[in-house]
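Report on one structure; see the data block that follows.
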Amino acid sequence: MTPMAIIRHLGASRLARVGLGLGLLIGVLPGITPARAQTTFTVLAGAESTDKSGQVYLFLPDSATVEVGDTVTWNLNSTEFHTVTFFSGQPVEPFVIAGENGPVINPTAAFPAGDADYDGTGLYNSGLLQQGSDLTSYSLTFTQPGTYGYVCIVHPSMVGTITVVDPGQPVDTQESLDVQAVQQRDDALAQHAYPLAIKASWSAAVTHDDGTVSEGVNAGAGDGVVAIMGFLPGNVTVHPGQTVTWTNPDPITPHTVTFLAGQDMPEVVAPEPQEAGPPILGISPLVFAPQGESTFDGSTMTSSGMIGGDVPGATTYTLAFTQPGTYEYVCLLHADMGMKGTITVLPEPSSEGPGFELPAPAEG
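For the record, in the sequence shown the residue sitting at position 78 is 1357 according to the numbering used here, with numbers rising by one throughout.
Shown next, in the form of structure tokens:
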């Protein structure tokens, strides 16, 4: 009997029931698992508030379970830059290291490393994922079962885990990962960013060792999960001769307090081409080192240099103002996230009284 004759003999409905039965039988027979297509999952690197001032240092979600042969793609999701780095059991390296002419960005962080397949060994790195650059996403295919941790070198508290299982084991779906990502982002903003911003807004005066007192400003705030990219309070009023002290309480993120005084904003990184290999990414001295004097009259660029965060050195900066005026300043590292402030210096009140004479008391 020919195949067509068999079809006519069984009828379409009977043939469909036979196919369904065979499918169910295959599904329950031990050792026989229907093949699953290899899948690409998406994870977000970072997040931010709508005004960019609240930066979330999380991979969203921070864990995912995939099958051998699956691919994970990380998409940059913030104005702040990040890396996706698998050290495979080796120590995490710092983002900024010492160079011959000053601090440089660690090449391990700056440039991609490894190929497209990861088996749990070796250094694999996305390079710096940065908005407006050629690097805004990173993909890896996982070829061996295991649990693999990874980190953002820029923000070492920002860690994630990929668990890779054998075929047939339960794995995440993109829908489940998206739900977790939204929940973790919202929790970070509600439980970390907003309380930090409110607390930092109440900046107290700073009393120095010599007994003098400065107006206090918080240069950002952070706790390793989120960073507040703002000067709090953003507007401060003083009189000539008074000082302002900025304090960076963030353990991860450095900032600068920079009065440009009409100059253009300097580039943060000054690349140095090399005869072989990638350039050295030196941090500009105008950014990392203090500029100007301890007083400011509005005429010369004056800056704290990089203070606080994971940069060794000072966490505070004090500046005295000598001339009335309104002076804007920025953080050179995070101006694109709106990190700006204003100091208004008002003239001293007149000491000559109200300017008219009180009438003499009437004779009694």
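Note that CB positions come from ideal geometry on N, CA and C, so glycine has one too.
Helix, strand or coil: which one does DSSP assign to residue i?
i, result
"Pro-1557", "coil"
"Ile-1432", "coil"
"Ile-1477", "helix"
"Ala-1316", "coil"
"Ala-1506", "strand"
"His-1361", "strand"
"His-1471", "helix"
"Ala-1614", "helix"
"Gly-1490", "coil"
"Thr-1605", "strand"
"Gln-1542", "coil"
"Phe-1374", "coil"
"Val-1322", "strand"
"Asn-1354", "strand"
"Val-1450", "coil"
"Val-1438", "strand"
"Asp-1349", "coil"
Which term fits residue i, buried or exposed, when burial requires 16 or more other beta carbons within 10 angstroms of its beta carbon?
i, result
"Ser-1578", "exposed"
"Pro-1626", "exposed"
"Ala-1506", "buried"
"Ile-1305", "Low per-residue confidence applies at Ile-1305: pLDDT is 36, beneath 50, and the placement is therefore not dependable enough to give any value."
"Pro-1382", "buried"
"Thr-1573", "In the sequence under discussion, the amino acid at residue 1573 is Ser, which differs from the Thr named in the question. Looking at its Cβ environment, which holds fewer than 16 other Cβ atoms inside 10 Å, Ser-1573 is exposed."
"Asp-1529", "buried"
"Gly-1406", "buried"
"Leu-1301", "Bear in mind that the predicted position of Leu-1301 carries a pLDDT of just 34, short of 50, making it too unreliable to give a figure here."
"Ser-1493", "buried"
"Leu-1511", "buried"
"Ala-1326", "buried"
"Thr-1329", "exposed"
"Ala-1482", "The sequence shown places Ser at residue 1482, rather than the Ala named in the question. Per the 10 Å Cβ criterion, buried."
What first and last residue would you give for the alpha helix (DSSP H) that runs through residue i?
i, result
"Val-1566", "1564-1567"
"Pro-1342", "Checking the sequence, you will find Ser at residue 1342 rather than Pro. Counting along the chain, Ser-1342 falls outside any alpha helix (DSSP H), though it belongs to the beta strand (DSSP E) covering 1342-1346."
"Thr-1387", "1386-1389"
"Gln-1459", "1453-1467"
Tell me, please, which residues DSSP counts as bridged to residue i.
i, result
"Thr-1524", "Gly-1495, Thr-1597"
"Gly-1425", "Val-1443"
"Gln-1369", "Answer is none; Gln-1369 lacks a bridge partner."
"Asp-1396", "Thr-1420"
"Ile-1586", "His-1534"
"Gly-1381", "Gly-1378"
"Gln-1570", "Ser-1582"
"Asn-1404", "Thr-1364, Ala-1392"
"Ala-1500", "Ile-1507"
Start and end of the beta strand (DSSP E) containing residue i?
i, result
"Glu-1551", "1548-1551"
"Gln-1334", "1333-1339"
"Leu-1625", "Premise fails: Leu-1625 is in no beta strand (DSSP E) and is neither H nor E."
"Val-1515", "1514-1517"
Should the region 1459-1473 be regarded as contacting the region 1329-1339, the criterion being three or more beta carbon pairs within less than 8 Å?
-> yes
Decide if the region 1536-1544 is in contact with the region 1576-1593; the criterion is three or more beta carbon pairs, one per stretch, under 8 Å apart.
-> yes
Check whether the region 1546-1555 touches the region 1592-1607, counting contact only when three or more Cβ pairs, one atom from each stretch, lie closer than 8 Å.
-> no
Are the region 1348-1365 and the region 1469-1486 touching, with three or more C-beta to C-beta distances below 8 Å?
-> no
Touching by the beta-carbon criterion (3+ pairs, under 8 Å), the region 1519-1535 and the region 1582-1590 = yes
At least 3 beta-carbon pairs within less than 8 Å: the region 1362-1372 vs the region 1325-1333 = no
Indicate whether the contact test is met: 3 or more Cβ pairs, each with one atom in the region 1448-1459 and one in the region 1344-1351, closer than 8 Å.
-> yes
Would you check if the region 1394-1402 and the region 1418-1438 touch, i.e. whether three or more CB-CB distances between them fall below 8 Å?
-> yes
Cβ contact check for the region 1521-1528 and the region 1589-1600: 3 or more pairs under 8 Å = yes
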